[in-house]
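A short write-up of the structure that comes next.
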Amino acid sequence: MCAHPIGKVEAIPVDGGEFVPTRPYLKVGDAGGTVVLWDAGKEQALKVPMSKLRIVPADKRPASCG
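To convert, count from 1 in the sequence shown and add 536; that's my numbering.
Here's what the structure looks like:
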């Protein structure tokens with residue numbers, strides 16, 4: 537899936553790594569206003585406030601989310 541930032545990327549707090557909007561992610565889950573995204577390229581999970589993202593599902597993993 538693609539996760540597009542709402543506002544400036546630099547203003548989004550991320551726990552666990554760097555959020556790159558052009559990179560596709562796997563949505564692992566969400567709770568308490570936080571979404572967990574799996575970055576397959578970096579093999580790490582990112583925790584991001586759900587209110588800062590617009591999540592766009594994809595049937596197949598896109599090469600890029602640009």
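Using N, Cα and C, we set each Cβ at its ideal position, and we do this for glycine too.
These numbers were taken from a predicted model, which means no experiment stands behind them.
{"Item": "Classification of Ala-539 by the beta-carbon crowding that lies within 10 angstroms, buried from 16 upward", "Value": "buried"}
{"Item": "Backbone CA spacing between Val-545 and Pro-585 [nearest angstrom]", "Value": "12 Å"}
{"Item": "Contacts around Leu-562, its chain only, beta-carbon distance under 6 Å, and the 5 residues preceding and following it disregarded", "Value": "Trp-574"}
{"Item": "Val-571, buried or exposed, once every other Cβ within 10 Å from all chains shown has been counted against 16", "Value": "buried"}
{"Item": "DSSP state of Lys-544 mapped onto helix, strand, coil", "Value": "coil"}
{"Item": "Close Cβ partners of Glu-594 (< 6 Å) along its chain, the five nearest in sequence each way excluded", "Value": "Looking at the sequence itself, residue 594 is Ala, so the reference to Glu does not match. These residues qualify, in order along the chain: Met-537."}
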